[in-house]
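What follows is a set of notes on a single structure, which appears directly below.
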Amino acid sequence: MRLRATPKALALRLDGGETPEEIQNLKLPEDLPLEVEVAGPVSGKVLEALLELGRPLTLIPPRNCLPAGTLVLSKTLRSGERVEHPGTVVVLGDVNPGAEVVAGGDVIVVGKLRGLAHAGAGGDEERFIFALELAAKQVRIGAHLAQAPEEQDTQSPEIARVQEGKIVVEPARKR
190 MRLRATPKAL ALRLDGGETP EEIQNLKLPE DLPLEVEVAG PVSGKVLEAL
240 LELGRPLTLI PPRNCLPAGT LVLSKTLRSG ERVEHPGTVV VLGDVNPGAE
290 VVAGGDVIVV GKLRGLAHAG AGGDEERFIF ALELAAKQVR IGAHLAQAPE
340 EQDTQSPEIA RVQEGKIVVE PARKR
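Take 190 as the starting number for the sequence shown in the numbering used here and just add one per residue.
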């Protein structure tokens with residue numbers, strides 16, 4: 190984490206290892222807005238701590254970095270196929286056993302997920318995996334891994350996300 194003053198704002202660079210406590214303990218002058226450059230994987234709790242500072246806040250992308258965007262595939266992935274993308278991956282079809290989807294962002298399967306899905310492959314555990322039918326033997330989010338239970342007979346949309354340090358799979362429902 191680096192903090193510097195500019196004529197119009199305080200510039201804060203987050204490199205990815207910061208904790209919410211470090212953000213809460215920042216001694217900042219009250220008259221300048223905060224510009225935050227996110228240069229590494231930052232948890233949602235760190236972002237919440239920034240918002241709790243109660244000052245104007247602008248998030249800016251890292252220098253020399255283009256957003257990864259979303260990759261949309263209109264096909265079924267077969268055994269042996271691997272898709273890797275730094276952003277979110279949307280598959281409009283099934284992901285068959287032996288196929289892999291590895292995304293720096295979220296993994297969304299509008300179909301049956303039976304292959305491997307890895308969301309937040311860069312270590313971002315705030316990501317999720319969604320499928321109309323989540324029947325994968327294993328899912329990964331960030332550095333977390335979950336094995337499917339032996340008896341699995343769900344044929345409704347499900348979402349997997351990290352909660353309290355482990356992957357939780359639950360029905361996807363309207364909020």
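All residues carry an ideal CB built from backbone N, CA and C; glycine is no exception. These numbers were taken from a predicted model, which means no experiment stands behind them.
Are the Cβ atoms of Ala-292 and Ala-310 separated by less than 8 Å? Numbered from 1 along the sequence shown, position 103 holds the residue referred to as residue 292. Numbered from 1 along the sequence shown, position 121 holds the residue referred to as residue 310. Contact flag set, yes.
Do you know offhand how far Ala-257's Cα is from Ile-318's? By one-based count along the sequence shown, residue 257 stands at place 68. By one-based count along the sequence shown, residue 318 stands at place 129. When rounded, the separation of the alpha-carbon atoms in Ala-257 and Ile-318 is 18 Å.
Since Leu-203 contacts Ala-228 with CB under 8 Å, what's their CB separation in whole angstroms? As a position in the sequence shown, residue 203 is number 14, starting the count at 1. As a position in the sequence shown, residue 228 is number 39, starting the count at 1. The Cβ separation is near 6 Å, so the contact holds.
Minimum C-alpha distance to Leu-369 - residue among Pro-230, Leu-281, Glu-241 and Asp-313: It is not possible to answer for residue 369, since the shown part of the chain is limited to 190 through 364.
List the DSSP bridge partners of Gln-352. Start at 1 with the first residue of the sequence shown, and residue 352 comes out as number 163. Lys-355.
On the criterion of 16 or more Cβ atoms from any shown chain inside 10 Å, does Glu-353 qualify as buried, or is it exposed? Residue mapping note: residue 353 aligns to position 164 of the sequence shown, counting from 1. With a threshold of 16 other beta carbon atoms within 10 Å, Glu-353 falls short and is exposed.
Measure the alpha-carbon distance for Arg-193 versus Pro-230 and round it to whole angstroms. What you label residue 193 is simply residue 4 of the sequence shown in a count that begins at 1. What you label residue 230 is simply residue 41 of the sequence shown in a count that begins at 1. In this structure, the alpha-carbon of Arg-193 lies about 21 Å from that of Pro-230.
Let me confirm a value: Glu-237 is counted as buried when at least 16 other C-beta atoms fall within 10 Å, else exposed. Which label applies? Numbered from 1 along the sequence shown, position 48 holds the residue referred to as residue 237. Under the 10 Å beta carbon count, Glu-237 is surrounded by fewer than 16 other beta carbons and is classified as exposed.
Distance, Leu-221 Cα to Gln-327 Cα: As a working mapping, residue 327 is identified with position 138 in the sequence shown. As a working mapping, residue 221 is identified with position 32 in the sequence shown. Straight-line measurement puts the Cα of Leu-221 at about 47 Å from the Cα of Gln-327.
Just tell me which of Glu-315, Val-225 and Glu-224 has its CA closest to the CA of Ala-332. The sequence position of residue 332 within the sequence shown is 143, counting from 1. Of the candidates Glu-315, Val-225 and Glu-224, Glu-315 places its Cα closest to the Cα of Ala-332.
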